[in-house]
Every structure is written in structure tokens, then in C-alpha cells.
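Asks: Protein chains in written order, with this note's numbering: chain A, 49 to 391; chain B, 10 to 338. Where is the CB? At the ideal position from N, CA and C, for every residue including glycine. All figures in this text were calculated on a predicted structure; none of them were measured in a lab. Take this structure first; my questions come after.
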């Protein structure tokens, strides 16, 4: 493969991105010689200060990408820059500014949470007072001296996040940070990440909880089968992947609204507590028409959320009558790649 | 330095390290109690009898050795049918302690006691070394650490250095307690015996070799667990080696009529390292005209040390190579 040109991207804001990946390739080989491509020329850019969602179905190459970035796995080809330095070459210089958890974090079960963090702080030359600060930050102060073996999955996840933010990093890379957390824990995690982002930390989150990503992220990269299929600000990715003319309409009197819309010849279906209206060239028509019949529209939105966009872009929408095989070869994503210019 | 300090804390905070050390201290207690219970101080009559036997046996020993030395330098002709050991090595000169069989004599029995300590410390080193790095791999601790210190060789080297130094320190402490325990038993219910300066030196060197065998065990365990990324890999490989190779080759080489198959077994070099020389078969025989060797294979402690060092170095080289090349998936 010919070498890629050097990465020297500068964003429109005049600030170089925190992370740039170009043409990243990786195939895992077995002892018997067969190989499976995990990454197939992945490109990715994360701007400074963003909370960036990194999405993809199981086996799409998310964890491999993060592991390559952090020096745990070697790439076959491609270039990467993190915090303005080429990696993995300059990883030892960059790592003190990067906090990360990759896949399911694991710790010694018989060490306490505090001892675990103290050992990491000692190994990384981080002041001890940071340990108490992060334990407080992730809500673990009360359980800090208990054995990790006695922690729930959610508590271990908090400990992992604590270990990642121990260095007060400029870039935080989190693989499934909300894994195992209860709803309150998810909200706390969201607040924590927002707090870090508002303090200037760039956060990259790989997650399957798409509603959470939609709420918290400024931008996303969606990958499928080792390639990027969409990237850009969340709202624009959603808009670009929405089915043209299909809208969610929420009103108080569903049956009357269906009658009125059907009379006009537009396709309409009741979906739970709202309607889905198709072939709508001008959405204001709905507002005007229903208002003329004293029906007031409470919600009128293009029918696309991140889950819809994700399933459509990655070709992983569930099919009736069975389960889709993980990393299925026939799961062909839409051929188009959505790239949205950042303003 | 921070990393080494952190690893040092981790080594001594681990339950396996503490539990294994407690187990070997327990073994020492059991062995010491057994010695203490079965020993008694010799009576005056027993001591006099032992002195008399030692004097008689010592005279024979001196005469035999003198004859052998005279034959070796050609001063006299060898006696017909008489065999002489290589280098006229008749072992140590018999002393009174040798004839106090029913009592515990530290001077006479210390080699066997310290060989026992060597086996215990070798196994201890193997388990601690293997578990120290194996648990790091299986728990994800190694991956975590590499996220903080992405210098693989440096991280593995720090862990290895800490494991070997830690095991050496614990082995030295153990041998001090071990020596104290058996000297105590000997002084209360047996005899210590008189040690010359040379014998004390020999004893201390034996202790050094015993401690280093513990370090060798730690290096091998560490290397195997690191290559296999699991403590069980090291334990499995160790057991497989003992059962399949040590026993299997003994049988296979015997069937193939290979001379001295013991020289292909690591255990022979461990024996050579501990006992200073391990003789496999053969003897030094003289006829009317000349003295000659009738074969045999000797493994000296220096050669043993070299072989054991090479084995450890090769395995550790494999561990560092695997660490450098592997994807941590």
C-alpha cells in the first residue's frame, strides 16, 4: 500500500484536531495463516474540546482502533496523530496527557479501589492527592477502601473512569463508559463527562447506548466493517441520514388527526403515542391543516434519531424472524458516506 | 523508579506472595518440629564411642587417600583389583558427628537440610514469579499499566526485576530463619559440630546457591507465565516438563541406549548446582600398568550454573520478544 501523505490537518477554527486517523488498516492473522480484516482504511478526525461519539456495530473495529491508538495493537498501515504528535511513535510523550479505558476494565479483586488508584498514580508519577479527588468525582469515596471484588459492575466501571481521569487528561478515551451503570449512574456519568468537556477535556466515547451518545456528544464517527460511514456534528448526521419527507407528529387527538391527514392522501400510521406521516414535502402543511381543525401539534420532527441513523448506515437493522449474526458479512451498510462540514 | 516502587508495593500486597511465603514458613515449622521431636543430645558414653569410631575410620581414610595420591603421582604401583576414585576424592574425613546417627548433627546433615530448602525455594520462586506476571495478564492489569506506560520492554523489565529481587530477598530471609531454626534444634537436641573457616565458607556458598535457585525458579515461572499470559500456563508447562520430559526422556533415551541420559535433564544440573558436582556413572580404575577412567559423566556446579542461566535467559528472551511483538487484544 502506498504511504499516505503526512497528516497536518488544521481545522477551520485554526486549531489542529486532537486526533487524526488516516487510512488505518489492521488484519488479525491466525496461526494457520488465515486473516480477518478489522480495519479497512479508517479515517477519523476529532476536534479539540468536542465530546465525540465513536459508534459501530459489534466487530466493526471500534476497540481495535482505540487499542491501536493506545499502542496495545499494531496497525498494518495508516497514520495517526494524537495531541499534535505522531503515534504510536510518540506515545510515551503523549500518554501522560491521555486517559483511557478500553473494553471491560479489570482490576485485582483483592485490592481496594484506593490501592488500585494509588498504584497507578505511583507508576504514572501522578500526585497522591489526585486519588482522593477522582474518588470524590466519580462518587466512590465511601467505598474506596473496600475490595474491588466486592464492587458491582457499575462500581468497577466508576473505578475505571476514575483511573482514566486520574491524570487530569487533555484527551479522554472511554470504551463503553456507561456499561453496567444504573439509570442514576448513567446520568451521573453524563454530568461528569459534560463537566470534563466544559473544562476543556476532549472526550471520545465508544458506546452502544445511542440515546446517551445523542444527548451528550457534539459530533460522531460511525464505522462499519472497518470503514467510516458517517461523521460530523450529531444533528447534521441525523438530518443527512433521515428519510426525506417522513415526520413524527405528536397530537392529543390521534384518531381525528389520522382521518384529516388520510383525507389529504398522505400515508399516515399510528406509532404508539404519535403519528408517522410520509411524503410530506412541506412540514408546515401539517401544522396549518391540523390547526384549522383545532388540533394543536405538540411535536413535529424529522423521523430520524441516532439509532435509526446508526442502523441504516451500518446495515444492521434487525430483520423479522431471527437474529442478525454479529459482524455479519452480509450486513452491507449504505454505500454513501456522510461527511458534514463543521462550521 | 516510580514504576519499580509501584511494582514492589504490588508484589508484597498480593495474596499469592504472602500466602506462599506463609506456606513455606509453615513447611519449615513442620520439618523443624519433626527434627526436634526425633532428636536427642548424645550421652557422654555415646560421644566417647563416636570419637573412638571416628578415630579408627579417620585413620583408614588417611591411609586410603595417601595410597591413592601415591598411585596418582606414580610413586607406587596400584594394587591389583583396587579402584581409586577420581582426584582421590574419598569425601570428607570421618568425624565423631558421623557416628552419632540417632542424634541430629548440624554439621553432618546440613547439606541435605539445605537441599530441602532449595527445592522449597525453587518452587516458591516459580509460583511467585509466575503468578506476579500471570495475574497481571489475566486481570487486565498489564493492559491498564501499558495505558499509563506504553513502553512494553520497560514495563516487563521492571516487573521482572522486582519479581527476582523480591524472591531473592524473601529467600535470604527464609534461609536466615531456616538456619536459626536448625541451629537451635541442634544446640538443644543434637550437636552443631565444629566448623573450620573453610567449612563455614562452603556452607555460606551453598546458601548462596540455594537462594539463587529460588531466583532461577522465579525467572522461569515469570517467563512462562508471560509468554502464555496466564499463571496456569507456567504451572502447566512446569508439570508437563516434569512428567513428559524428565520421565519420558529417561525412558526413551534408555530404550535408545543413549549414554548418560541424565545429562539431558534440567534436574541433573539443579543437582550439580546444589551439590557442586553430580557424577553420573563411571569410576576411576587402575590395573597393574596404569590408571584409567571407565567412563562416567560429571556435571560441575559451574557448568550447571551456565546451563540453568542459559535456560532462564532463553525463556526470558522469549517473554520479551512476545511482549514486543504481540497484539494485546
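Within 8 Å, do at least three Cβ pairs link the region 301 to 313 of chain A to the region 333 to 342 of chain A?
Replies: Flag = yes, the region 333 to 342 of chain A and the region 301 to 313 of chain A touch.
Asks: DSSP three-state call for residue 188/A: helix, strand or coil?
Replies: Coil.
Asks: Looking at C-alpha atoms only, which residue of 264/A, 154/A, 182/A, 346/A is the closest neighbour of residue 200/A?
Replies: With distances taken between Cα atoms, residue 200/A lies closest to 154/A.
Asks: How should residue 362/A be labelled, buried or exposed, when 16 other C-beta atoms within 10 angstroms of its C-beta is the threshold for buried?
Replies: Flag for residue 362/A reads buried.
Asks: Report the neighbours of residue 167/A on chain B: residues whose CB is nearer than 7 Å to its CB, in chain order.
Replies: Going along chain B in sequence order, the residues near residue 167/A (Cβ under 7 Å) are 15, 18, 19.
Asks: Just the Cα atoms here: how many angstroms apart are residue 284/B and residue 207/A?
Replies: If I take the Cα positions, the gap works out to 52 Å.
Asks: From the beta carbon of residue 106/A, is the nearest beta carbon of chain B less than 8 Å away?
Replies: No, its Cβ sits nowhere closer than 8 Å to a Cβ of chain B.
Asks: Under 8 Å, with one C-beta from each stretch per pair, do the region 130 to 149 of chain A and the region 168 to 185 of chain B reach the 3-pair mark?
Replies: Output reads no: the region 168 to 185 of chain B does not touch the region 130 to 149 of chain A.
Asks: Taking the CB atoms as reference points, tell me whether residue 128/A and residue 69/A lie closer together than 8 Å.
Replies: Yes.
Asks: Got a sec: which bits of the region 120 to 152 of chain B sit with their beta carbon under 9 Å from any beta carbon on chain A, in order along the chain?
Replies: Hits within the stretch, in order: 144, 145, 147, 148, 149, 150, 152.
Asks: Going along the chain, which residues of its own chain have a beta-carbon closer than 7 Å to the beta-carbon of residue 45/B, five neighbours each way excluded?
Replies: Cβ within range, chain order: 194, 198.
Asks: Using CA atoms only, rank isn't needed, just tell me which of 227/B, 27/B, 60/B is closest to residue 108/B.
Replies: Ranking 227/B, 27/B, 60/B by Cα distance to residue 108/B puts 60/B first.
Asks: Starting from the C-beta of residue 110/A, find all residues in its chain whose C-beta is less than 7 Å away, skip the five residues before and the five after it, and write them out in chain order.
Replies: Closer than 7 Å at the Cβ level, and outside the excluded window around residue 110/A, lie 102, 104, 254, 271.
Asks: Who are the Cβ neighbours of residue 188/A in its own chain at under 8 Å, not counting the five residues just before and after it?
Replies: Cβ neighbours of residue 188/A beyond the five flanking positions: 161, 203, 206, 207, 210.
Asks: So what does DSSP say about residue 163/B, is it helix, strand or coil?
Replies: Looking at residue 163/B - three-state DSSP - the assignment turns out to be helix.
Asks: In whole angstroms, what is the alpha-carbon distance linking residue 124/B and residue 203/B?
Replies: Roughly 21 Å separates the two Cα atoms.
Asks: Taking the alpha helix (DSSP H) that residue 120/B belongs to, which residues open and close that run?
Replies: Here the alpha helix (DSSP H) through residue 120/B covers 115 to 148.
Asks: Which whole runs of the beta strand (DSSP E) in the region 303 to 346 of chain A are 3 residues long or more, in chain order?
Replies: DSSP runs (the beta strand (DSSP E)) wholly in the region 303 to 346 of chain A: 316 to 319, 322 to 325.
Asks: Take residue 150/B as the anchor and find which of 16/B, 138/B, 328/B, 315/B has the nearest alpha-carbon.
Replies: The option with the nearest alpha carbon to residue 150/B is 16/B.
Asks: Would you call residue 285/A buried or exposed, if buried means 16 or more other Cβ atoms sit within 10 Å of its Cβ?
Replies: Residue 285/A should be labelled buried.
Asks: For the alpha helix (DSSP H) containing residue 222/B, list its first residue and its last residue.
Replies: First-last of the alpha helix (DSSP H) with residue 222/B: 206 to 237.
Asks: Just verifying my parser: in three-state terms, what is the DSSP assignment at residue 150/A?
Replies: Note: residue 150/A maps to coil in three-state DSSP.
Asks: Could you tell me the boundaries of the alpha helix (DSSP H) in which residue 332/B lies?
Replies: Note, residue 332/B: alpha helix (DSSP H), 310 to 334.
Asks: Measuring CA to CA, which of 282/B, 114/B, 333/B is closest to residue 311/B?
Replies: The option with the nearest alpha carbon to residue 311/B is 282/B.
Asks: With DSSP as the reference, identify every bridge partner of residue 272/A, one or two as the case may be.
Replies: Answer is 275/A, bridged to residue 272/A.
Asks: May I ask you to report which of helix, strand or coil DSSP gives residue 254/B?
Replies: Correct three-state label for residue 254/B: helix.
Asks: Tell me, please, whether the CB atom of residue 154/A is closer than 8 Å to any CB atom in chain B?
Replies: Yes, its Cβ sits closer than 8 Å to a Cβ of chain B.
Asks: List, from N- to C-terminal side, the beta strand (DSSP E) runs of 3 residues or more that fit wholly inside the region 84 to 146 of chain A.
Replies: For the region 84 to 146 of chain A, whole beta strand (DSSP E) runs of length 3 or above, ordered along the chain, are 99 to 103, 125 to 130, 133 to 135.
Asks: Which class does residue 81/B belong to by DSSP, given the choice of helix, strand or coil?
Replies: The answer is helix: DSSP assigns residue 81/B an H, G or I state.
Asks: Whose CA, out of 240/A, 114/A, 349/A, lies closest to the CA of residue 337/B?
Replies: When only C-alpha atoms are compared, the closest one is 114/A.
Asks: Which residue from 190/B, 176/B, 262/B, 201/B puts its Cα closest to that of residue 229/B?
Replies: Checked all of 190/B, 176/B, 262/B, 201/B; the closest Cα to residue 229/B is 176/B.
Asks: Would DSSP call residue 285/B helix, strand or coil?
Replies: Here residue 285/B sits in coil by DSSP.
Asks: May I have the straight-line CA-CA distance separating residue 159/A from residue 280/B, to the nearest angstrom?
Replies: Their backbone Cα atoms lie some 39 Å apart in a straight line.
Asks: Kindly indicate which residue of 24/B, 30/B, 20/B, 185/B has the alpha-carbon position closest to the one of residue 133/B.
Replies: That would be 30/B, whose Cα lies nearest to the Cα of residue 133/B.
Asks: Report yes or no: do three or more beta-carbon pairs, one from the region 115 to 124 of chain B and one from the region 227 to 247 of chain B, lie closer than 8 Å?
Replies: Contact fails: fewer than three Cβ-Cβ distances are below 8 Å.
Asks: Applying a beta-carbon distance threshold of less than 9 Å, which residues of chain B neighbour residue 158/A?
Replies: The contacting residues are 22, 23, 24.
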